[in-house]
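Asks:
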Amino acid sequence: MIRQLSAFGLLCAVGLGALSVSAPAQAAGCSATVEANDAMQFSTRALSVPASCKEFEVTLKHTGQLPVVAMGHNFVVGKTADIGGINAEGMAAGAENDYVKPGDARVIAASSLVGGGQSTTVKIPVGKLKAGEDYTFVCTFPGHAAIMRGTLTLGQ
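As numbered in mature numbering (1 follows the signal peptide of the UniProt record, and there is no 0), residues -27 to -1, 1 to 129 make up the sequence shown, in order.
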């Protein structure tokens, strides 16, 4: 009986762990929480920003353990067509600029870099978003943008 309960408990824990990896961003009105980990993954691949918000606040939580120099993450938003250039020029800007080119007009919003156990918040000015336009959020730490990306849309 104890073995059956232990096996059941283990299966539940594994199942709940799998759910937390693929869960959508925690959205509450004009804010969301997005997690990033040491496996170069965001916890969501899509965010919808309510048009009624003046600002949309995203809290990026790095749930991993690796330091920022080895596995740093940021949260950068731009038009989908601009993301390649934002990423390339961000990498050239270096860690001292959080891998975001200073003054890059294509960047709608960008957070600072965080390492394992850290979090940061970025405010997206909703007035800069247009209905029907394609937006992408990405991590511009070198080598991460190919995997760590998602879509951002302006909702109703």
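Where a beta carbon is used, it is the ideal one built from N, C-alpha and C, also for glycine.
Predicted, not measured: the structure shown is a model, and the values here were computed from it.
Ignore the nearest five residues each way along the sequence and tell me which others in residue 8's own chain have a CB closer than 6 Å to its CB.
Replies: Indexing the sequence shown from 1 puts residue 8 at position 35. Around residue 8: 16, 34 and 36.
Asks: Could you work out which residue in 30, 22 and 2 is closest to residue 134 when comparing CA atoms only?
Replies: Outside the shown range of the chain, which is -27 to 129, sits residue 134, and nothing can be said about it.
Asks: With which residues is residue 32 paired in a DSSP beta bridge?
Replies: Translated into the one-based positions of the sequence shown, residue 32 becomes position 59. Answer is 6 and 94.
Asks: Return the bridge partner residues of residue 110 from the DSSP annotation.
Replies: Along the sequence shown, read from residue 1 onward, the residue named residue 110 stands at position 137. Paired residues: 50 and 123.
Asks: Residues bridged to residue 83 by DSSP?
Replies: The residue given as residue 83 occupies position 110 in the sequence shown. Beta-bridge pairing links residue 83 to 49.
Asks: Could you spell out where the alpha helix (DSSP H) holding residue 41 opens and where it closes?
Replies: Start at 1 with the first residue of the sequence shown, and residue 41 comes out as number 68. Residue 41 -> alpha helix (DSSP H) spans 41 to 44.
Asks: Residue 50 and residue 97 - do their beta-carbons sit closer together than 7 Å?
Replies: The residue you call residue 97 lines up with position 124 of the sequence shown. The residue you call residue 50 lines up with position 77 of the sequence shown. Result yes, Cβ atoms of residue 97 and residue 50 sit closer than 7 Å.
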